[in-house]
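Numbering (my numbering), first residue to last: 45 to 254.
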């Protein structure tokens, strides 16, 4: 995510004061992180483009709702996450829509294990198949777990910031993240065992449920 959050606050102050060019600067700073999050969440290029565009439209129209000095990254990701959830529900009501498999990195930790393909083309192909399986597993997570997992694993957001985005307690974030990781390990256990050449390690102790 963009460094120096005080710059985002300054730009929002300018936008709220009527300087519309500040929105262009916010777009330059945040389009990449939002596109990465939306693409991994939706796995559809067209939906991703529309969600990113609509996010900035709402930033502009809701600029008066932003509280000066508050967490801008949590605020903008809340808008994007809500749009992603809405788009995903719409797509489920229209199952004939195609789904694009995104390019990009695998899941940190799990992905690095699955993607160790090396230079051998046969091994590389096998690694690509594992990454595809990993992406499918992430897509299969319940919405509340998927958003928490992506925000933490890819965007590096703290439990506190994620809690503000998804609307739950920090303990709730911890629980959802645990369940997401457990689900991924359960789904990918055979692949992890083959890729690592050893059994999948036991799961960490389960956190208290919020």
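Just so it is clear, CB atoms sit at the ideal spot from N, CA and C, and this is done for glycine as well.
**Message:** Taking the alpha helix (DSSP H) that residue 205 belongs to, which residues open and close that run?
**Reply:** Here residue 205 corresponds to residue number 161 of the chain shown, with the count starting at 1. Start and end: 203-210.
**Request:** Pick out the complete alpha helix (DSSP H) segments inside the segment 93-146, 4 residues or longer, and give them in chain order.
**Result:** The DSSP assignment places complete alpha helix (DSSP H) segments of no fewer than 4 residues inside the segment 93-146 at 116-137, in order along the chain.
**Rounded straight-line distance, which links the Cα of residue 190 to that of residue 177** = Residue numbering aside, residue 177 sits at position 133 when the chain shown is read from its first letter. Residue numbering aside, residue 190 sits at position 146 when the chain shown is read from its first letter. Computed Cα separation, rounded: 15 Å.
**Asked** Beta carbon of residue 228, beta carbon of residue 181: below 8 Å?
**Response** Here residue 228 refers to the residue found at position 184 when the chain shown is read from its first residue. Here residue 181 refers to the residue found at position 137 when the chain shown is read from its first residue. Yes, the Cβ-Cβ distance between residue 228 and residue 181 is below 8 Å.
**Request:** Look at residue 124 and residue 101 and say whether their C-beta atoms are less than 8 Å apart.
**Result:** For this step, residue 124 is matched to residue 80 along the chain shown. For this step, residue 101 is matched to residue 57 along the chain shown. In this structure, residue 124 sits away from residue 101, with a CB-CB distance that is not shorter than 8 Å.
**Prompt:** Which residues in the same chain have their Cβ closer than 7 Å to the Cβ of residue 205, if we skip the five residues on either side of it in sequence?
**Reply:** The residue labelled residue 205 in the question sits at position 161 within the chain shown. Around residue 205, the same chain offers 115, 117, 118 as residues with beta carbons nearer than 7 Å, after the five sequence neighbours per side are excluded.
**Prompt:** Using the beta-carbon count (16 or more within 10 Å), is residue 61 buried or exposed?
**Reply:** Position 17 of the chain shown holds residue 61. So residue 61 ends up on the exposed side.
**Request:** With a threshold of 16 other CB atoms inside 10 Å of the CB of residue 152, please say whether the residue is buried or exposed.
**Result:** For this step, residue 152 is matched to residue 108 along the chain shown. Bear in mind that a pLDDT of 42 at residue 152, under 50, signals an unreliable position, so the number given afterwards is only what the model happens to contain. Exposed, because fewer than 16 other Cβ atoms sit within 10 Å of the Cβ of residue 152.
**Request:** Pick helix, strand or coil for residue 172, following the three-state DSSP scheme.
**Result:** Taking the chain shown and counting its residues from 1, the one referred to as residue 172 is at position 128. DSSP places residue 172 in the helix class (H, G or I) of the three-state scheme.
**Item:** Selection from 84, 91, 67, 76 that minimises the alpha carbon distance to residue 106
**Value:** In the chain shown, the residue the question calls residue 106 occupies position 62. Of the listed residues, the one whose Cα sits closest to residue 106 is 67.
**Request:** Please classify residue 111: is it buried, with 16 or more other beta-carbons within 10 angstroms of its beta-carbon, or exposed?
**Result:** Mapped onto the chain shown, residue 111 falls at position 67. Exposed: under 16 other Cβ atoms inside 10 Å.
**Prompt:** Where does residue 65 land, buried or exposed, given buried means 16+ other C-beta within 10 angstroms?
**Reply:** On the chain shown, position 21 is the one that residue 65 refers to. Residue 65 counts as exposed, since fewer than 16 other beta carbons sit within 10 angstroms of its beta carbon.
**Prompt:** Should residue 234 go down as buried or exposed, given a rule of 16 or more other Cβ atoms within 10 Å for buried?
**Reply:** Locating residue 234 in the chain shown gives position 190, counting from the first residue. Classified as exposed, residue 234 has fewer than 16 neighbouring CB atoms from the shown chains inside 10 Å of its CB.
**Message:** Quick check: residue 194 and residue 209, are their CB atoms within less than 8 Å of each other?
**Reply:** The residue given as residue 194 occupies position 150 in the chain shown. The residue given as residue 209 occupies position 165 in the chain shown. No, the pair does not count as a contact, with Cβ atoms beyond the cut-off.
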